[in-house]
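*Asks:* In full-length UniProt numbering, the protein residues as written are 1 to 187.
Using N, Cα and C, we set each Cβ at its ideal position, and we do this for glycine too.
The structure that follows is given in the form of structure tokens.
See the structure below:
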């Protein structure tokens with residue numbers, strides 16, 4: 001089944017956020033733009049650099065009305081311990097979801113079954129709960145929050161301007177395209 005434009009599947013989980021354990025479900029992803037950001041494991045190497053990059057850019061995501069949810073197959077207890085011991089992870093203010101049952105990782109089709117870990121998967125979800133952007137990376141390749149911000153701005157622009165599309169490298173304020181017969185073969 002194609003994942004783009006599909007609805008987020010139901011889930012419930014416990015997460016760590018701002019010093020507390022909180023319950024999170026698929027319902028929390030609706031009504032606003034959301035990023036579900038899977039990573040393999042706490043207390044690792046590439047993962048903290050990615051999560052710190054998101055933390056450093058969290059205010060920019062919030063300005064766009066976007067909430068961040070990081071997810072690994074670790075528990076919410078492990079997330080709390082990591083948050084309390086790592087300077088990079090200690091910066092995080094967004095929700096860190098624990099997925100020890102692997103339900104969420106399977107729902108988003110990022111579970112590496114034989115390892116019990118999640119691939120590096122990024123999912124941008126619109127307020128209606130539909131997946132609009134998917135990015136999957138090899139375990140050794142970290143992601144960039146500034147590029148994710150650019151993609152979200154493009155997705156939000158397209159959602160607000162039916163009939164327009166954003167070309168490669170589009171940045172906010174730049175020209176978009178209106179697909180039509182007039183453009184065929186002219187780009």
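Assuming residue 89 contacts residue 48 (C-beta within less than 8 Å), just tell me the rounded distance between them.
*Replies:* 6 Å
*Asks:* So residue 177 packs on residue 162, CB below 8 Å; how close in whole Å?
*Replies:* Actually they are not in contact, since the Cβ atoms of residue 177 and residue 162 sit about 13 Å apart, beyond 8 Å.
*Asks:* May I ask which residues mark the beginning and end of the alpha helix (DSSP H) holding residue 53?
*Replies:* 46-56
*Asks:* Tell me where the beta strand (DSSP E) around residue 158 begins and ends.
*Replies:* Under the DSSP assignment, residue 158 falls outside any beta strand (DSSP E), being part of the alpha helix (DSSP H) whose first and last residues are 145-160.
*Asks:* Please classify residue 141 as buried or exposed, where buried requires at least 16 other C-beta atoms within 10 Å of its C-beta.
*Replies:* exposed
*Asks:* Determine the burial state of residue 77: buried for a count of at least 16 other Cβ atoms within 10 Å of its Cβ, exposed for fewer.
*Replies:* Exposed: under 16 other Cβ atoms inside 10 Å.
*Asks:* Sorted by chain position, which residues of the same chain lie with C-beta nearer than 6 Å to residue 60's C-beta, five sequence neighbours on each side aside?
*Replies:* Same-chain partners within the cutoff: 149.
*Asks:* Do you know offhand how far residue 179's Cα is from residue 155's?
*Replies:* 16 Å
*Asks:* Are the beta-carbon atoms belonging to residue 26 and residue 16 less than 8 Å from one another?
*Replies:* no
*Asks:* With 16 as the cutoff for other CB atoms within 10 Å, does residue 50 come out buried or exposed?
*Replies:* With 16 or more Cβ atoms within 10 Å of its Cβ, residue 50 is classed as buried.
*Asks:* Verify whether the separation of the beta carbon atoms of residue 115 and residue 53 is less than 8 Å.
*Replies:* no
*Asks:* Measure how close the beta-carbons of residue 72 and residue 94 come, nearest whole angstrom, since I'm counting them as under 8 Å.
*Replies:* About 13 Å separates the two Cβ atoms, so there is no contact after all.
*Asks:* Let me check one thing: in DSSP terms, what residues is residue 23 bridge-paired to?
*Replies:* 14
*Asks:* Within the 8 Å Cβ cut-off, does residue 28 reach chain C?
*Replies:* Going by chain labels, chain C is absent from the structure shown, which holds only one protein chain.
*Asks:* Starting from the N-terminal side, write out each stretch of the beta strand (DSSP E) that is 3 residues or longer and does not extend beyond the segment 89-153.
*Replies:* 95-98, 120-125 and 131-137
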